[in-house]
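Have a look at the structure below before the remarks.
Number of protein chains: 2
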Amino acid sequence: MSAALDRLLVILGEIADLQKSAALLEWDEQVYMPPGGAETHGQMVGTVRKLAHEMFVTDEVGRLLEQLATDDAGGDPDSDMARLVAVTARDYDKARRVPASFVAEQARILSASQQAWFQARATSSFATFQPHLERFIELKQRYISFFPPAAHPYDTLLDEFEPGTTTADVQAVFATLRPRQVALIRELAQRPQIDDTFLHVPYDEDALWAFSRTVVTAMGFDWTRGRQDRSAHPFATGIGSNDVRITSRHVPKEPLSLIFGSVHEAGHALYEQGIAPAFARHSLGAATSLGIHESQSRLWENLVGRSRPFWSHFYPALQQHFPAQLGGVPLDRFYRAINRVQPSLIRVEADEATYNLHVMLRVELEIALIEGRLQVRDLPEAWRAAMQDYLGLTPPDEATGVLQDIHWSIGAFGYFATYTLGNLISAQLWNAFGAAHPSRDTDMAAGDFSALLAWLRTTVHAPGRKYVPKEIVQRATGGGLDAEPYLRYLEEKYRAVYAG
Amino acid sequence: MSAALDRLLVILGEIADLQKSAALLEWDEQVYMPPGGAETHGQMVGTVRKLAHEMFVTDEVGRLLEQLATDDAGGDPDSDMARLVAVTARDYDKARRVPASFVAEQARILSASQQAWFQARATSSFATFQPHLERFIELKQRYISFFPPAAHPYDTLLDEFEPGTTTADVQAVFATLRPRQVALIRELAQRPQIDDTFLHVPYDEDALWAFSRTVVTAMGFDWTRGRQDRSAHPFATGIGSNDVRITSRHVPKEPLSLIFGSVHEAGHALYEQGIAPAFARHSLGAATSLGIHESQSRLWENLVGRSRPFWSHFYPALQQHFPAQLGGVPLDRFYRAINRVQPSLIRVEADEATYNLHVMLRVELEIALIEGRLQVRDLPEAWRAAMQDYLGLTPPDEATGVLQDIHWSIGAFGYFATYTLGNLISAQLWNAFGAAHPSRDTDMAAGDFSALLAWLRTTVHAPGRKYVPKEIVQRATGGGLDAEPYLRYLEEKYRAVYAG
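Given below as structure tokens:
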């Protein structure tokens, strides 16, 4: 190794240590921090992240990257080290383009904006939140101006969460998805509806936790390198691949959400646990994007966890945990109940067949806001129109409408699309794995996920940030981002579920 | 405020954020970290502490301190700001005297030494640990050489843990303590022994936790600014005064240790929760010494928690928690059982009346090693001789003798004395509080600790590091460090207990 690379790795290693420390502090905040610690913890995380940023944007890092790029010229551009230098240079360029004063301004308004959103949602008053959202739109446009002009201004925002994926990519898959998902929902609404009342009776929380743990263990979650706790909002976080933590919660009115939530978060966690150990302390040692992350959680939650083969294996054990609730419910009835489709107002409660419509609505509104085609003051009306259009519903108030998500209040524009990209990619990966492993469904019916996990490890997890999302998809499937596999999956599955 | 002070406070604030972050990482390591995370966490803590150190030892901090000392000349030397500058200058001087290469060398040998100690203890083989201990003694002598010569070389080591307290101070109180504590133990051994078999039967763990929580709450522990968890070794840690965490453990063969351990750690925690909020992000916002810290834990655990008035209040509730074990045991018998004296080999299991003898033995050996009067190879023999002398016992092997404590394996020389200093100071504070509050014992018998906590807050907690231990004692009692109050407490209490 060259001296320049040695030095860069020392710097990146310390930055990685700080980022992992911040991740642990944030985990603690959600899980164990006593309420009185909030202000102190905010300062701690702020300082740790600020120092990590300052250690990265130095002139020295710039010189090292330039020298390494020159030294590497003519070498294999796909080697780990060449990719490390390229990814780090991309991060560096981004970090240097955004002035510190801008970052500070954004941090300042974020806190007020989030407060205003909480209050606006509590009182269902969009007017309370409107000026903050206007301020954020202006800020995002300023952010975009720091970067070279892209084909679409929204590309710059999307790139934060889904590097290399463009607005045109997203719009293309949405154009395919939208009409067929809307049509599918309407078709299913005409069929006899599914009875799932036995899913909405009391279930013992301890038994739900115990069963979830069984499933997560079967998936291959490594408990020596991870743990599971309770939190108000389920999440997964990696403090390096050797310490990956998931959280879940019990929702009495939706008891099985503890199981599906655990499987979802464990899907995220398997990704983090699978990142190559060699990347642990530098820029490649993290997930490549939120979309790819979501492809993992959705694949396990839906393609695996809401499938018939999966439950043909696990249902007897679930019945043993809950004889009173499920003892008299045959597998087929249970399978149909957990796949009930019901257009609803709230994204986070949406089922698999309607979820993308919630996402598309938001992304389209975001793009219109950034383009300036839509004014913030007209957003509630635009939201209502789209909800009616896509899901046939009109929210009775703003709290269950335009104010339901936290994302805009914290300036996370460009984020929503990753949920749907994750869905689409999950089906693409699923098909690719199935083509390579014809025993996919019989393995699953035997509770054996080892081949699936091994394939995901190689194809998706281990590379970390070495490949951008499009490259991951290309390497796994031989093609590009494609809505067709997911649409076919939805149509086939739900026509069968509703044929019953 | 001057610009220099502003700037210093910004730097100290960020350093405090890093130190708190490291404290949380270390808490997590002991409490929730999955085992696979150990190496990653070690790197994280190492980097965070290293950056905190680097941010402190800069020339800029030195210049700011010099300027502030000049600006302040003629002002009130006891003002918070003057003390802040003085304490920070003391820390700075220490930090600058020790070369980075030395710190790195010590960190390198520490890991090997600790490993060797674990192995030596497991096999009861002193020879395995001997070279590491020799290395550490040499290292400590080198450390001492970085500082101006003190009256005694051990002073420099002691100052790390008990600033301003000297070897002569410690030797003076030990000279008073030793003969009378040895005589007391021998006297008690002649009396009829106390039956405590009912304390060594199975107690339900959940009920022990619930009762401990009741007691800790009554002491005044603020649960909105703290929490309690399980860990292999009980400890308390402050992540600033708004997030103070204690841990406890259930030891089936010594079930009530969960209660006394919780009270002990809560005593530490009340100190941390009571440090003045204004000091939160600078050098004064921490405990002034381990001895003062221990004075708080010991005061609550022993002076309060093993007293008759305390149990006259809490015993009925304890009996309700454990009717089978304690229903037929009257208060007096219980009180005598929890105060049974039994010379034993292991310090951490020692009772109140023998504990100091364990400590004195270690401190005397440490001083002899540092002076060069004692060679490491002769340590086991010296240990055995002292144990026989003080406690009338001879350890059957090295594991239960010279190898029992972790301290020397991690280079913590100068630490042991703080346990006994804590005991002595706890009795001095207790008497001072009693003199100011004649209702001390009746309050206690009513389960009311509010006056005690309020007095400790003002006298000990709030000042943080503003005063060194001797100043705390002086301000609380009007006198200096004194063994007499603790000796009188022990003699009176235990003669009464054993008169029964």
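The listed protein sequences correspond, in order, to chains A and B.
Here the first sequence stands for residues 1 to 500, where the numbers follow the working numbering.
Here the second sequence stands for residues 1001 to 1500, where the numbers follow the working numbering.
Backbone N, C-alpha and C fix where the C-beta goes; we use that ideal spot for every residue, glycine too.
Small disclaimer: the values here were computed from a predicted structure and weren't measured.
For Trp223(A), the residues of chain B that pass the 8 Å Cβ criterion are Pro1034, in the order they occur in the chain.
Per the DSSP secondary-structure output, Gly1226(B) pairs in a beta bridge with Val1244(B). Think of a sphere of 9 Å around the beta carbon of Met1387(B): no beta carbon from chain A falls inside it, the nearest being about 40 Å out.
Proximity of the region 453-464 of chain A to the region 277-286 of chain A meets the contact definition, three or more beta-carbon pairs being nearer than 8 Å. The region 1401-1418 of chain B makes contact with the region 1156-1167 of chain B, as at least three CB pairs between them are under 8 Å. Per the C-alpha coordinates, the member of Val1341(B), Arg1340(B), His1358(B) positioned closest to Val1348(B) is His1358(B). If you compare the alpha carbons of Arg1440(B), Arg1142(B), Arg1245(B) with that of Ser1101(B), the shortest gap goes to Arg1142(B).
Under a criterion of Cβ atoms nearer than 7 Å, the residues of chain B adjacent to Ser21(A) are, in order, Ser1021, Leu1025, Met1044, Val1048. Residues of chain A with a Cβ closer than 7 Å to the Cβ of Gly1226(B) are, in chain order, Pro34. When C-beta distances to chain A are compared with 9 Å, the residues of the region 1238-1249 of chain B below that value are Ile1239, Gly1240, Ser1241, Asn1242, Asp1243, Val1244, Arg1245, in chain order. Taking the Cβ atoms as the reference, Ala16(A) lies roughly 7 Å from Gly285(A), within the contact range of under 8 Å. Contact check between the region 1262-1271 of chain B and the region 1427-1444 of chain B: fewer than three CB pairs, one atom from each, fall below 8 Å, which does not count as touching. Counting the other CB atoms within 10 Å of its CB gives Ala1189(B) a total below 16, which places it among the exposed residues. Each of Asn1242(B), Ile1246(B), Arg1230(B), Asp1229(B) was checked against the Cα of Ala1236(B), and the nearest Cα belongs to Ile1246(B). Rounded to the nearest whole angstrom, the CA to CA distance from Leu8(A) to His1053(B) is 21 Å.
Take the alpha-carbon of Phe322(A) and the one of Phe334(A): they are about 13 Å apart. C-alpha of Arg249(A) to C-alpha of Pro234(A): approximately 6 Å in a straight line. Here the alpha carbons of Val45(A) and Ile1011(B) stand approximately 16 Å from one another.
In the DSSP assignment, Gly1267(B) falls within the unbroken alpha helix (DSSP H) covering 1257-1274. Using a CB distance cut-off of 7 Å, Glu134(A) does not count as an interface residue toward chain B.
A check of alpha carbon separations from Ser257(A) across Gln273(A), Arg180(A), Ala350(A) identifies Ala350(A) as the nearest. Taken through DSSP and simplified to helix, strand or coil, Ala1324(B) comes out as helix. One alpha carbon belongs to Val48(A), the other to Val85(A), and they sit about 24 Å apart. Proximity to Asn356(A) across Ile406(A), Leu421(A), Pro330(A) peaks at Leu421(A), based on C-alpha coordinates. Counting every other CB atom within 10 Å of its CB across the protein chains shown gives Ser1002(B) a total below 16, marking it as exposed. In the three-state DSSP reduction, Thr1418(B) falls in the helix class (H, G or I).
Trp1223(B) sits exposed, since fewer than 16 C-beta atoms from the chains shown fall within 10 Å of its C-beta. Residue environment for Glu60(A): exposed (fewer than 16 other C-beta atoms within 10 angstroms of its C-beta). By the beta-carbon neighbour count (other beta carbons within 10 angstroms, threshold 16), Glu1301(B) is buried. When the beta-carbon positions are compared, Gly401(A) and Trp430(A) stay at least 7 Å from each other. Here the alpha carbons of Leu1331(B) and Glu254(A) stand approximately 50 Å from one another.
DSSP links Ala1236(B) through a beta bridge to Ile1246(B).
DSSP places Glu1398(B) in no alpha helix (DSSP H); its state is neither H nor E.
Around the beta carbon of Glu187(A), a 10 Å sphere encloses fewer than 16 other beta carbons of the protein chains shown; the residue is thus reported as exposed. The beta carbons of Phe1174(B) and Met1387(B) sit no closer together than 7 Å.
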